[in-house]
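Chains as they are written, first to last, in the working numbering: chain A, 1 to 384; chain B, 1001 to 1384. The next block holds one structure in the form of structure tokens; read it before the comments.
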């Protein structure tokens, strides 16, 4: 069996993008590169569904979260962190590192933060300068209701900062209509690139806050300096320019397919994955599942680490497990970016075979059949 | 003529490293990746000539400078910045962004900072927590005397922070013997990779200062967090892991050739470049020239921008010009990394032809002859 990468990031990169990465290096302060960068940033605005400028950063997704928070939240200010998993916790850690007071609004792993919880926190803390949220909480497979959060935050002076690292380009997401002020994403998820680039889209409301911030405390991630260079377009420091060229190739694929079509395709793949796992008797972990990653509980009595090891060793299927307290208890199937329905079927088939091998009771083909029925219905609905 | 990239970064990447970058993406939390990372970090210690741990960062070189300074210099502390060009000025900008007081020790562009200047500054400011220096000031082609700086700083409680971004792996540099406390470098220079990775090597003295720093003010660049993960080895956040794999390939080349042999080869290429330019009647810009890049003044009356344009358009030779106040006044020939003597000869030949075309008086072949004599003598000396 050939290897299949089905983790929620890094994700597979299309062959033509990989070939772009193998091209000889060129200099980056040239009209040729500026044109590639300009096109990539325009295409990213399309993926973000925003008219706001998109700033490229050479770092991983966490760097983009740091850029969002460090630029907009002065030392000793207060932020509300909506926490539904490890990545919500990361917002909190970044805020604390920058001496920002954190009001944590948490839910148990597997749940999404309820808009009413945010409404209450905003009422209790009218002095909060920002609300930090996570679109797709990759550690649990939960999708948070960013649209509802945006409606609440827009009515206040606070900014809505969203970690959309593993959701943007994989599931419906409207930066401007949903009133997201700073939206961070990374290259190694639905944008179909290796890790190394990250982006933030910044609203007018956010720029005003950033301009007033007396303590930016970052040089490398200074968004005002980055904005000055956007006219070129250019970047304040040497960018990972070969990744920008590769990004243009991946973004072209997204433009050709159309973002709404991608959302619909990913939603169908996610629905099929959920139906397939459930038909095998596996329980969904996420109360409000994201379309980018499907997370299910390992059946009682089985060792989840062993399950994943056998999937990889026997069938070449690389899925992800749980982290920290969830280690061995869940499996996570990524299906964003360059992963198609037949990869999802391969994953379900592999899980069926390993579960049977480990003594779990199920009818071979039950998961596949359930998933296939979702695809058949989905195709019919789209055709009709 | 085929394109030749001869700028002081980004530099050409070897074909086998490019092919590594075109390989399908794999997951990064695996023994396979940890082994590649461990090997790369060990090979980097060899390139750095250090026993100190080398920390990988996903960012450009400036991010590594920020990591060095933000971790070791508390807010309102004092640093001495040794400034001989744009990259020395960058140290100052980073320090100011972090609220650190800067004592500037400057020399005119083209000069190197004198060790006596540093001795005086250390005597005048015994409370300085760090001295920020630049090995190869890429903007002017100057090599600063890091060995002498290290001897002076080691006798004080201050740390020596060195930007070795465009010098490490290209010219003789001994991190430990020269008492460098934090040494930053980037991937896109002598390490023969695209931009996107950076590294810092951190001494015991520096770790002690970092551990005591009450205001680290960075999350993404937190070196203590990075050190915790080195045991794996692992990284706190998703690294640019495809670049790490590619780095292993480039580092293998360095190991095979041997770092002393690389220094000698680059020194010879640099000597040949200098001799060639001087034989054409061009004046060296750097008082103490670096072996990584050769910078010469554009002859009076000629337009340096036009010279570089013709080199690229007519001969495929991409050299760099001056920045800001030096724009049009100097040309910069990079010869570090995957650039060999025949590329240097190609550059000299191109400059001869363009100068003739622009009306400058010189004998065709004079630059080439002078360079070739340096190579012949160098080869004889090494063989003898």
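Idealized CB from N, CA, C, for every residue including glycine.
Are the beta-carbon atoms of residue 337(A) and residue 190(A) separated by less than 8 Å?
yes
Cβ-based neighbour list, residue 1399(B), same chain, cut-off 6 Å, excluding 5 preceding and 5 following:
For residue 1399(B) there is no data in the structure shown, the boundaries of chain B being 1001 and 1384.
Given residue 271(A) as reference, the closest of 210(A), 340(A), 308(A) once Cα atoms are compared
340(A)
Specify the secondary structure class of residue 1341(B) as computed by DSSP and reduced to three states.
helix
Residue range of the alpha helix (DSSP H) that includes residue 1250(B):
Element bounds for residue 1250(B): 1241-1257.
With a cut-off of 8 Å, does the C-beta of residue 1347(B) fall near any C-beta of chain A?
In terms of beta-carbon proximity, residue 1347(B) stays away from the interface with chain A, with every pair separated by 8 Å or more.
Contact between the stretch 89-98 of chain A and the stretch 58-70 of chain A is defined here as three or more beta-carbon pairs at a separation below 8 Å; is this criterion met?
yes
With distances taken from CA atoms, which of 110(A), 117(A), 98(A), 97(A) is nearest residue 104(A)?
117(A)
Whole-Å CB distance - residue 21(A) paired with residue 246(A), under 8 Å assumed
5 Å
Looking only at its own chain, which residues have a Cβ that is under 7 Å from the Cβ of residue 216(A), when we skip the five neighbours before and after it?
70, 71, 222
Just to check my reading of the structure: residue 167(A) and residue 135(A) have Cβ atoms closer than 8 Å, yes? What is that Cβ distance to the nearest angstrom?
Confirmed, about 4 Å.
Thinking just about the alpha-carbon of each residue, which of 1251(B), 1144(B), 1383(B), 1295(B) is nearest to the one in residue 1046(B)?
Looking at 1251(B), 1144(B), 1383(B), 1295(B), the one whose alpha-carbon comes closest to that of residue 1046(B) is 1251(B).
Which residue or residues does DSSP assign as beta-bridge partners of residue 946(B)?
What is shown of chain B runs 1001 to 1384, which leaves residue 946(B) out entirely.
Whose C-alpha, out of 1342(B), 1262(B), 1005(B), is nearest the C-alpha of residue 1173(B)?
1262(B)
What did DSSP end up calling residue 287(A) once you bin it into helix, strand or coil?
coil
Between the Cα of residue 76(A) and those of 100(A), 54(A), 210(A), spot the shortest distance and give me the residue it belongs to.
Residue nearest to residue 76(A) within the set 100(A), 54(A), 210(A) is 100(A) (criterion: CA-CA distance).
Beta-carbon gap between residue 1273(B) and residue 1317(B) smaller than 8 Å
Not closer than 8 Å, so no.
Taking only beta-carbon atoms, is residue 219(A) less than 8 Å away from chain B?
For residue 219(A), the closest Cβ of chain B is nearer than 8 Å.
Can you tell me whether DSSP reads residue 1034(B) as helix, strand or coil?
Judged by DSSP in its simplified three-state form, residue 1034(B) adopts helix.
Let me check understanding here. Comparing Cα to Cα, which of 1026(B), 1159(B), 1054(B), 1029(B) lies closest to residue 1039(B)?
The option with the nearest alpha carbon to residue 1039(B) is 1054(B).
Interface positions of the stretch 97-111 of chain A facing chain B (Cβ-Cβ less than 7 Å), listed along the chain:
97, 98
CB residue 82(A) to CB residue 133(A), shorter than 8 Å?
yes
For residue 281(A), list the residues DSSP reports as bridge partners.
In the DSSP output, where bridge partners are listed per residue, residue 281(A) has none listed.
Run through DSSP, which three-state label would residue 1274(B) get?
helix
According to a CB-to-CB cut-off of less than 7 Å, which residues of the stretch 181-193 of chain A neighbour chain B?
188
Residue of 297(A), 184(A), 264(A), 5(A) minimising C-alpha distance to residue 1024(B):
5(A)
Just how far apart, CA to CA, sit residue 1150(B) and residue 1265(B)?
25 Å
Can you give me, in chain order, the residues of the stretch 65-77 of chain A that have a beta carbon less than 9 Å from any beta carbon in chain B?
Answer set for the stretch 65-77 of chain A: 65, 66, 67, 69, 70, 75.
Considering residue 1079(B), what are the terminal residues of the beta strand (DSSP E) in which it resides?
Bounds of the beta strand (DSSP E) holding residue 1079(B) are 1078-1083.
Minimum length 3: unbroken beta strand (DSSP E) runs contained in the stretch 297-343 of chain A:
330-334
So residue 1237(B) contacts chain A; which residues on that side make the cut at Cβ distance below 8 Å?
60, 61, 62, 63
Which chain A residues are close to residue 1027(B), counting only those with a beta carbon under 8 Å from its beta carbon?
5, 7, 10, 318, 320
Using a cut-off of 9 Å between C-beta atoms, extract the partners of residue 1222(B) located in chain A.
97
Where residue 287(A) meets chain B, residues with beta-carbon distance less than 7 Å
Neighbours of residue 287(A) on chain B: none; closest Cβ ~26 Å, over 7 Å.
Exposed or buried, what is residue 1334(B) when buried is set at 16 or more other beta-carbons lying within 10 Å of its beta-carbon?
buried
Closest to residue 307(A) by C-alpha separation, out of 332(A), 294(A), 354(A), would be which residue?
354(A)
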